[in-house]
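Trainee:
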Amino acid sequence: MSVRLPLTLAMFGLLAGCATAPSHPVATASAPSAPSATSSVVTHVAANDNLNAVAWSQTAIEHDLIYLQTYRDAQSRLLTALHDKQWDALGKADRTTPLKGLKPAVILDIDETVLDNSPYQARLVKSGGEFNEADWAAWCKEERARALPGAVEFTQFAARHGVAVIYISNRAKDLDEATVANLRKAGFPVNGPDAFLGLGTVVDGCEQAGTEKGCRRQLVARHYRVLMQFGDQVGDFVDVLGNNDAGRRKAVADYLAWVGTRWFVLPNPTYGAWEPALFNNDWSAPLQQRRQQKIDALHYQ
């Protein structure tokens, strides 16, 4: 993960994390009425277009199989990449240092890439609310997010073979300690102070634009040859100059051959930069207007 973007009342496809983050809207819906004492069914809950996305993420075996397939495939390719001294998974803008003599590393986003935050999404579906910073921070500080299938095994395999495991996250700075603790509780290797690069990381000589990860990737590039990158958003791999359909496609156009070999993209139907791209990144627009713009973006033929 990438950037935590808000849940809204519509869900579409994948691919973009952690690209340019819009301002987060505040929750506007109130909590649902409590169920009656004679019924276990919650009533008076408004329909939520993110229900299927969250339910799929939590219950579909296909979800788990995609993660297992991705991480197992990456693991099967890792040693080949390790022994190819010219192998590098950083884009042209981020490879700022020659590869010779650099130690090997892999870069992973955190949210919906290695840690499963679907319980937080489920709470929003149940309450009828949208993403808000306070509730998100409270969830992160619970340190209860589970590892996604295959992620622990892959990162431990990489660490055993001398490959540094580096996590780049767009969680707020005050969540750094809780995030690292959660990673360790889930079984992930977090070795050394440079293993986790959060949103507040300062990179000398590089000015971060919003929540873009380019400066932090360039910091990794100064010390490591990056064998692979993992994420659920386009911004986890390369900076996106314009968060619209054309800009997002242009950002990855030169790297399509890397997908499945150097870049490993994971599914996130619940949130991401793909969503505001459908309504001109205008989170200030009324919810129904945003929803209508997403409906208008659908293809019927």
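Quick note: the sequence shown, position 176, residue 173 per our numbering, numbers continuous. Ideal placement from N, C-alpha and C gives every residue a C-beta, glycine not left out.
1. Please go through the same chain and pick out, in chain order, the residues whose beta-carbon is closer than 8 Å to the beta-carbon of Val299, but skip the five residues on each side of it.
2. Alpha carbon to alpha carbon, how far is Asn241 from Trp271? Give it in angstroms, no decimals.
3. Can you list the beta strand (DSSP E) stretches of 3 or more residues lying completely in the region 236 to 275, in chain order?
4. Do the region 177 to 186 and the region 135 to 143 touch if we need at least three Cβ pairs shorter than 8 Å?
5. If you count every other CB in all the chains shown that lies within 10 Å of the CB of Arg219, and 16 or more means buried, which is it?
6. Quick one: which unbroken alpha helix (DSSP H) runs of 4-plus residues sit fully inside the region 46 to 124? Chain order, please.
7. Nearest CA to the CA of Leu196: which residue from Phe185, Thr208, Val187, Pro190?
8. Can at least three beta-carbon pairs, one atom from the region 258 to 269 and one from the region 44 to 62, be found at a separation below 8 Å?
9. Per DSSP, what kind of secondary structure is Arg287 in: helix, strand or coil?
10. Skipping 5 residues on each side, what residues in its chain have a beta carbon closer than 7 Å to that of Ala282?
11. Could you have a look at Gln226 and say whether DSSP puts it in helix, strand or coil?
12. Looking only at C-alpha atoms, which of Leu121, Leu295, Lys82 sits nearest to Tyr221?
13. In the DSSP assignment, find the unbroken beta strand (DSSP E) run with Ala161 in it and report its ends.
14. Could you give the first and the last residue of the continuous alpha helix (DSSP H) run that contains Val217?
15. How many Å lie between Thr198 and Thr77 at the Cα?
16. Going by Cα to Cα distance, which pick from Gly239, Val122, Lys97, Tyr68 is closest to Pro273?
17. I'd like to know if the region 225 to 233 and the region 103 to 112 are in contact, where contact means that at least 3 CB-CB pairs between them fall below 8 Å.
18. What number of angstroms, rounded off, separates the C-alpha of Gly98 from the C-alpha of Tyr164?
19. Which residues bound the alpha helix (DSSP H) around Leu180?
20. Indicate the three-state DSSP secondary structure (helix, strand or coil) for Arg168 in the structure shown.
21. On the DSSP bridge assignment, give the partners of Leu194 in chain order.
22. So, is Glu127 buried or exposed, given that buried needs 16 or more other C-beta atoms within 10 angstroms?
23. Do Gly257 and Ala90 count as a contact pair if the criterion is CB distance below 8 Å?
24. Decide if Ala34 is buried, meaning its Cβ has at least 16 other Cβ atoms within 10 Å, or exposed.
25. Would you identify the three-state DSSP class for Arg141, choosing helix, strand or coil?
26. Would you mind sorting Gln66 into buried or exposed? The rule is 16 or more other CB atoms within 10 Å of its CB.
27. Starting from the Cα of Ala86, find the closest Cα among Arg287, Asp251, Asn45 and give me that residue.
28. Ignore the nearest five residues each way along the sequence and tell me which others in Gln290's own chain have a CB closer than 7 Å to its CB.
29. Considering only their Cβ atoms, is the gap separating Thr93 from Gln215 smaller than 8 Å?
30. Give me the Cα-Cα distance between Phe261 and Cys203, rounded to the nearest whole angstrom.
31. Measuring only the C-alpha atoms, how far is Ala44 from Gly125?
32. Tell me, to the nearest whole angstrom, how far the beta carbon of Leu112 is from that of Ala183; I am working on the premise that it is less than 8 Å.
33. Hey, out of Glu150, Ala192, Arg168, whose CA is closest to Val162's CA?
Mentor: In this structure, then:
1. No statement about residue 299 is possible, as the shown extent of the chain runs from -2 to 298 and does not include it.
2. Translated into positions along the sequence shown, residue 271 becomes position 274. Translated into positions along the sequence shown, residue 241 becomes position 244. Each residue's alpha carbon lies about 8 Å from the other.
3. Runs found: 260 to 262.
4. The region 177 to 186, when compared against the region 135 to 143, does touch it at the 8 Å Cβ threshold.
5. Residue numbering aside, residue 219 sits at position 222 when the sequence shown is read from its first letter. It counts as exposed.
6. 48 to 56, 58 to 80, 115 to 124
7. Counting from 1 along the sequence shown, the entry for residue 196 is found at position 199. Closest option to Leu196, Cα to Cα, is Thr208.
8. yes
9. Locating residue 287 in the sequence shown gives position 290, counting from the first residue. DSSP places Arg287 in helix when its eight states are reduced to three.
10. Here residue 282 corresponds to residue number 285 of the sequence shown, with the count starting at 1. The residues are Phe276.
11. As a first step, residue 226 must be located in the sequence shown, where it is residue number 229. Correct three-state label for Gln226: strand.
12. Stepping through the sequence shown from its first residue, residue 221 is reached at position 224. Closest option to Tyr221, Cα to Cα, is Lys82.
13. Working through the sequence shown from its first residue, we reach residue 161 at position 164. Taken as a continuous stretch (DSSP letters only), the beta strand (DSSP E) holding Ala161 covers 161 to 165.
14. If you number the sequence shown from 1, residue 217 lands on position 220. Unbroken alpha helix (DSSP H) run through Val217: 211 to 218.
15. Taking the first residue of the sequence shown as 1, we reach residue 198 at position 201. Taking the first residue of the sequence shown as 1, we reach residue 77 at position 80. So the two alpha carbons sit approximately 31 Å from each other.
16. As a position in the sequence shown, residue 273 is number 276, starting the count at 1. When each option's Cα is compared against that of Pro273, the closest is Gly239.
17. yes
18. Residue mapping note: residue 98 aligns to position 101 of the sequence shown, counting from 1. Residue mapping note: residue 164 aligns to position 167 of the sequence shown, counting from 1. So the alpha carbons of these two residues sit roughly 22 Å apart.
19. Position 183 of the sequence shown holds residue 180. Note, Leu180: alpha helix (DSSP H), 173 to 182.
20. Reading the sequence shown from its first residue, position 171 is the one you call residue 168. Correct three-state label for Arg168: coil.
21. The residue given as residue 194 occupies position 197 in the sequence shown. For Leu194, which the question treats as bridged, DSSP gives the partners Ile165.
22. Position 130 of the sequence shown, counting from 1, holds the residue named residue 127. So Glu127 counts as buried.
23. Here residue 90 is taken as the residue at index 93 of the sequence shown, counted from 1. Here residue 257 is taken as the residue at index 260 of the sequence shown, counted from 1. The Cβ atoms of Ala90 and Gly257 do not sit closer than 8 Å to each other.
24. On the sequence shown, position 37 is the one that residue 34 refers to. Any reading at Ala34 is ruled out, since the residue's pLDDT is 43, under 50, leaving its predicted position unreliable.
25. Your numbering for residue 141 matches position 144 in the sequence shown. In this structure, Arg141 counts as coil in the three-state DSSP scheme.
26. Within the sequence shown, the letter at position 69 stands for residue 66. Classification of Gln66: exposed, given that the 10 Å Cβ count is below 16.
27. Numbered from 1 along the sequence shown, position 89 holds the residue referred to as residue 86. If we check each option's Cα against that of Ala86, Asp251 comes out closest.
28. As a first step, residue 290 is located in the sequence shown; it is residue number 293 there, counting from the start. Same-chain partners within the cutoff: Leu275, Phe276.
29. Taking the sequence shown and counting its residues from 1, the one referred to as residue 215 is at position 218. Taking the sequence shown and counting its residues from 1, the one referred to as residue 93 is at position 96. A Cβ-Cβ contact shorter than 8 Å links Gln215 with Thr93.
30. For the purposes of this step, residue 261 is taken as residue 264 along the sequence shown, with counting starting at 1. For the purposes of this step, residue 203 is taken as residue 206 along the sequence shown, with counting starting at 1. Here the alpha carbon of Phe261 sits roughly 26 Å from the alpha carbon of Cys203.
31. Counted from its first residue, the sequence shown places residue 44 at position 47. Counted from its first residue, the sequence shown places residue 125 at position 128. Looking at the two C-alpha atoms, the distance is approximately 8 Å.
32. As a first step, residue 112 must be located in the sequence shown, where it is residue number 115. As a first step, residue 183 must be located in the sequence shown, where it is residue number 186. Sure, about 7 Å apart at Cβ, within 8 Å.
33. Stepping through the sequence shown from its first residue, residue 162 is reached at position 165. Looking at the Cα atoms, Ala192 is the closest of the given residues.
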